[in-house]
Amino acid sequence: MSLFSPSCRHGILRFQESWVKLSSITIQLRWKKKPRVRKPAHLPMSMEKMYKIPKHPYVPPEENELILNLLAEYMRKIDSMRKYFKEELEQKYKDEGNTFENQKLEEVKFQALLEENNKENERLRKIREEVLEEEFQKMQIELLQLEEERKIKLQETKLRVEELVKKQKEKIASYITLETLDDAIETAINSPKNVCYSLDVNGNIRWEGYPPTDLEEEINRRISQSMEK
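Counting with this note's numbering, you get residues 409 to 637 for the letters of the sequence shown.
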């Protein structure tokens, strides 16, 4: 049988978890490095450091001489390596033909080719402008011709329309209108017309009444043509 109730055990466990977290936070804060406090840049050097001469470590004369000899040997090796790489680079440039004189010659050739290219471009530009001007003139002439043809066709169409209107007006003049209705009735009574006809055994036309003049002429013409055939 447990000595603590379930609620008490739960409280103990929560206390242990919070204590572990607090311990870890305390350890982190304990071992965290503090930022170094520095003097502002605008303040001058402190008096205790201004006239203080730092003490250099004592070096025996033999060791100092050895250090100087090693430094001189190091400088000699550096100079020899620099000369070696310089000669190797110059030889590489000579082998590839990239000497200073060759570079000058290449530059002169490039400038000459560039100038020649500019001249050729200028010549082609003039030719292109001339060709464009000729094409423009031709296009203008073609457009003028098309405009003239359009005007001629428009005039011809206008004449045809006027002729058609004139013919229609002539036909309309023979139409019976409300104003000419009485005159047309009187004319029809005084001169009756009949389109019915027949042929006798001799081929003569026999009309019933008074035939129209134009119709009579047309029928006579057709009969004469058929007899000629």
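We put the CB at the ideal spot given by N, CA and C, even for glycine.
Residues that residue i bridges to, as DSSP identifies them
{"i": "R614", "result": "S606"}
Residue i - DSSP class collapsed to helix/strand/coil
{"i": "R536", "result": "helix"}
{"i": "Y492", "result": "helix"}
{"i": "M453", "result": "coil"}
{"i": "P465", "result": "coil"}
{"i": "Y459", "result": "coil"}
{"i": "E587", "result": "coil"}
{"i": "Q633", "result": "helix"}
{"i": "K566", "result": "helix"}
{"i": "K574", "result": "helix"}
{"i": "K559", "result": "helix"}
{"i": "R444", "result": "coil"}
{"i": "V428", "result": "The predicted position of V428 is uncertain, since its pLDDT is 46 and thus under 50; no value can be drawn from it."}
{"i": "I433", "result": "Its pLDDT being 48, under 50, I433 is placed unreliably by the model, and nothing is read from it."}
Top-ranked residue by Cα proximity to residue i, from the options
{"i": "N612", "options": "L540, R490, P469 and N628", "result": "N628"}
{"i": "V467", "options": "L476, I461 and Y459", "result": "L476"}
{"i": "L607", "options": "T588, I631, E570 and T595", "result": "I631"}
{"i": "C604", "options": "N610, N598, T595 and R614", "result": "R614"}
{"i": "E470", "options": "K463, H464 and L478", "result": "L478"}
{"i": "S582", "options": "E570, R536 and T595", "result": "T595"}
Residue i vs residue j beta-carbon contact at 8 Å
{"i": "I580", "j": "A592", "result": "no"}
Any non-hydrogen atom of the ligand GDP within 7 Å of residue i CB
{"i": "T595", "result": "This structure does not include the ligand GDP; it has no bound ligands of any sort."}
C-beta neighbour in chain D for residue i, strict 8 Å
{"i": "K517", "result": "Reference to chain D is not applicable here, since this structure consists of a single protein chain."}
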